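There are 2 protein chains.
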Amino acid sequence: MKIGVIGATGKAGSKIVNEALSRGHQVTVLVRSAAKAKTLFGDKVTIIEKDAFALTKHDFNGLDAIVNAFSVPLGKHLAYQHIDLAVHLIHLLRGTQTPRILFILGGGSLQTEKGLLVDQLKQIPNSQDWIDTPESQYHELNFLRTVTNVNWVGVSPSQSFEDGPKTDYVLGKDQLLFDEHQKSVVTTGTMAAAILDELEHPTVRQARFTVRNK
Amino acid sequence: MKIGVIGATGKAGSKIVNEALSRGHQVTVLVRSAAKAKTLFGDKVTIIEKDAFALTKHDFNGLDAIVNAFSVPLGKHLAYQHIDLAVHLIHLLRGTQTPRILFILGGGSLQTEKGLLVDQLKQIPNSQDWIDTPESQYHELNFLRTVTNVNWVGVSPSQSFEDGPKTDYVLGKDQLLFDEHQKSVVTTGTMAAAILDELEHPTVRQARFTVRNK
């Protein structure tokens, strides 16, 4: 497949690019810094250097799938960019079936036995310093759920989203997943593998799924 | 004041431009067709000819307020443009206080004794042909309600939004308004007057109000 990755030089994005390359896909990275992409991926990818909000339909020409792995540093100041960029990208794709677009969402929009995770996160002392980020990603999912004329899918990590290699994994829908030790962890390698599996063999349409390490 | 009007040549927008001009404000119209604007307003306004989705921060330079009177024909095909454009405009203004931006929303997001109006509209036979429009405007309001770093305000018409001259009016918040004859009507002239009154003497911030003819 021809896969475009937005935010390709980030924690999640770089693993996705490498997973896609290892499976023989053609990868286009849509990044702010071509130099950084060059350092990470050499000549193995096509590079489009552009601010994500400046992307146009033309940049998606020929792609079968897009992964939006864009993220901003945790905190108040830029959190809104998650929802704003999601709408920008969806707008470019309105009324189309191809490319399919996968959004990496936060975990805050997942449900737990006590309700929505983001509502519980708000109870943590000093959460006002960073709560805007999971809230914006929750708004992002709520927006996506209104979209019926784009071929989109969302994926939320588990509560802890850690840098690490791929493992076997367990999938879920809208519930936060825990293992038998009550840990809720997914590594970046596992997330990348789950995303590539979903792109190669689509099982979810216009909905969100979640993943944890087995 | 310097006021920009998006969708200035439409049913609501043209009345707003004329009301603003009659009160001595300087008006910039942001329109798809400069020729149509010229026919309607002659040399009394500054014209910026541009697709609304192509507007940039630069186009808002020097404006004190923006009125978004953009709308698309009722129906499935383009309804999403209401929410998409709202996010585009908000994105351009993130982290600012000026210009203030006023959105003309639908009436479907108003509450009645039986619940949300848009949910009742869905019960009308063949509503699937046009329900996407009030639904998109409801999503638009839900999005705006998440926005805390832009100086926005929304206004919903009454159930019937008719072309007609300005009258005295009654304001409300989130409840659909009815007169003593159980009619829920606002005319375009009244809407324009209520909007200009709100721009000249702000009373609502980061919330939606509604208006009916008295």
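So the sequence lines, in the order shown, correspond to chains A and B.
Numbered according to full-length UniProt numbering, the first sequence spans residues 1 to 214.
Numbered according to full-length UniProt numbering, the second sequence spans residues 1 to 214.
All C-beta atoms, glycine included, are put in the ideal place defined by N, C-alpha and C.
For clarity, every value in this text was computed on a predicted model and none was experimentally measured.
Secondary-structure assignment with DSSP links A:Phe161 through a beta bridge to A:Val186.
Interface annotation, B:His181: not in contact with chain A, CB-CB separation never under 8 Å. For B:Asn213, none of the residues of chain A pass the 9 Å Cβ criterion, the least Cβ distance being about 32 Å. Contact with chain B is absent for A:Asn126, since none of that chain's Cβ atoms lies less than 8 Å from the residue's Cβ. In the three-state reduction of the DSSP assignment, A:Val5 falls in the strand class, which pools E and B. The region 158 to 178 of chain B and the region 188 to 208 of chain A do not touch, with fewer than three beta-carbon pairs separated by less than 8 Å. Going by beta carbons, B:Ile101 and B:Ala52 fall outside the 8 Å limit. In the structure shown, B:Glu180 falls within a coil segment according to DSSP collapsed to helix, strand and coil.
At a beta-carbon threshold of 8 Å, the residues of chain A lying near B:Asp84 are Val87, Ile90, His91, Arg94, ordered along the chain. A:Phe161 has a beta carbon lying at 8 Å or more from every beta carbon in chain B. Taken through DSSP and simplified to helix, strand or coil, B:Ser136 comes out as helix. The C-beta distance from A:Ile195 to A:Ile16 rounds to 6 Å, short enough to fall under 8 Å. Counting every other CB atom within 10 Å of its CB across the protein chains shown gives A:Ser156 a total of 16 or more, marking it as buried. Taking 3 residues as the minimum length, the beta strand (DSSP E) runs contained wholly in the region 91 to 138 of chain B are 100 to 104, in order along the chain. When C-beta distances to chain B are compared with 9 Å, the residues of the region 42 to 62 of chain A below that value are Phe53, in chain order.
DSSP places B:Ala34 in the helix class (H, G or I) of the three-state scheme. Pairing A:Ile66 with A:Gly4, the inter-Cα distance amounts to about 5 Å. Around B:Leu74, the same chain offers Trp130, Thr133 as residues with beta carbons nearer than 7 Å, after the five sequence neighbours per side are excluded.
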